[in-house]
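In the working numbering, the protein residues as written are 235 to 488.
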């Protein structure tokens with residue numbers, strides 16, 4: 235009985251560790267497309283919110299920002315690929331990082347914390363290096379491009395948009411589930427450079443609170459380089475058009 239169990243376990247391990255001939259997902263001369271879905275934690279100095287504001291405008295509760303994206307890589311060799319990436323998120327801004335909105339009336343004044351939801355697009359070109367260990371493929375990846383932030387047109391006096399340089403570095407693990415498909419766990423550090431968080435504030439200077447500075451928030455110091463950490467799951471596949479003429483011949487020999 236023990237011999238049977240040992241043989242079964244050995245067969246299972248061997249099946250995971252040893253890929254079938256011609257069944258590797260990352261073959262030279264092919265494209266690999268990977269939709270990704272994950273979450274990102276913004277640098278505290280960026281003024282993009284990791285916390286959610288309550289009715290009083292105080293940011294107290296943790297907030298998860300989802301990300302959606304797509305990468306497409308061309309495998310120059312089995313271990314090395316180059317391609318592009320695009321990822322998007324819809325975070326809120328930290329209104330308490332900026333002077334409050336000051337509304338004055340004949341006999342009173344009112345202060346309001348103003349946040350807005352923005353669209354963040356991260357895109358560029360990248361390269362990756364990986365190696366297959368059976369069905370498992372660890373890899374590292376890096377690239378560069380730009381980050382574009384689009385403000386909420388309902389809260390801005392114009393369709394504000396700004397773009398800054400951006401680069402990313404990270405890595406992960408792939409697990410092959412078919413001859414042309416794999417699952418991925420992907421970690422990235424998206425680094426925004428020349429960052430100016432004041433561009434996220436939609437309130438005109440004429441209406442910003444300068445009369446009562448003690449009533450404004452106490453944000454962390456500004457930084458022109460911010461690190462934003464993202465974790466995501468991906469589903470990689472080789473498009474059928476990329477495999478035509480290269481599929482292994484799996485017909486039985488005569």
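Even glycine gets a Cβ: it sits at the ideal position worked out from N, Cα and C.
Model, not experiment: these values are computed from the prediction.
Cβ contact check for the segment 263-271 and the segment 304-320: 3 or more pairs under 8 Å: The answer is yes - the segment 304-320 touches the segment 263-271, with three or more Cβ pairs under 8 Å.
Exposure label - residue 316; buried when at least 16 CB within 10 Å: Counting Cβ neighbours within 10 Å, residue 316 comes out exposed, since fewer than 16 surround it.
Anticipated Cβ contact below 8 Å, residue 353 with residue 464, distance rounded: Between residue 353 and residue 464 a beta carbon distance of about 16 Å is seen, past the 8 Å cut, so the two are scored as non-contacting.
Which listed residue (323, 417, 324) has its alpha carbon closest to that of residue 470: That would be 417, whose Cα lies nearest to the Cα of residue 470.
Proximity below 8 Å, CB of residue 436 to CB of residue 292: Contact flag unset, no.
Close beta carbons around residue 357, own chain, < 6 Å, minus the five adjacent residues each side: Same-chain partners within the cutoff: 320, 379.
Residue range of the beta strand (DSSP E) that includes residue 326: For residue 326, no beta strand (DSSP E) run applies, since DSSP gives it neither H nor E.
Residue 279, DSSP secondary structure in three states: In the structure shown, residue 279 sits in a helix (DSSP, three-state: H, G or I).
Three-pair Cβ contact test at 8 Å for the segment 329-341 versus the segment 446-455: The segment 329-341, when compared against the segment 446-455, does touch it at the 8 Å Cβ threshold.
Helix, strand or coil at residue 330 according to DSSP, with G and I counted as helix: Three-state DSSP puts residue 330 in a helix.
Pick from 312, 468, 280 that is closest to residue 431, judged by C-alpha positions: Of 312, 468, 280, the residue nearest in Cα terms is 280.
Top-ranked residue by Cα proximity to residue 368, from 314, 328, 413, 429: Ranked by how close their Cα comes to the Cα of residue 368, the residues 314, 328, 413, 429 have 413 in first place.
Assigned secondary structure, residue 307 (DSSP; H/G/I helix, E/B strand, else coil): In this structure, DSSP gives residue 307 an extended state, which the three-state scheme calls strand.
Residue nearest to residue 360 in terms of C-alpha spacing, selected from 428, 402, 295, 313: With distances taken between Cα atoms, residue 360 lies closest to 402.
Pair within 8 Å by beta-carbon distance, residue 313 and residue 364: In this structure, residue 313 places its C-beta atom within 8 Å of the C-beta atom of residue 364.
Under 8 Å between C-beta atoms of residue 299 and residue 325: A contact, by the Cβ cut-off of 8 Å.
Identity of the residue in 286, 389, 447, 407 nearest residue 438 by Cα: Nearest option by C-alpha distance: 389.
Secondary structure of residue 369, DSSP reduced to three states: Note: residue 369 maps to coil in three-state DSSP.
Own chain residues within Cβ distance below 7 Å of residue 399, not counting five before or after: Hits under 7 Å: 380, 427, 428.
Buried versus exposed call for residue 274 [16 or more other C-beta atoms within 10 Å across all chains shown]: In this structure residue 274 is buried. Its beta-carbon is surrounded by 16 or more other beta-carbon atoms within 10 angstroms.
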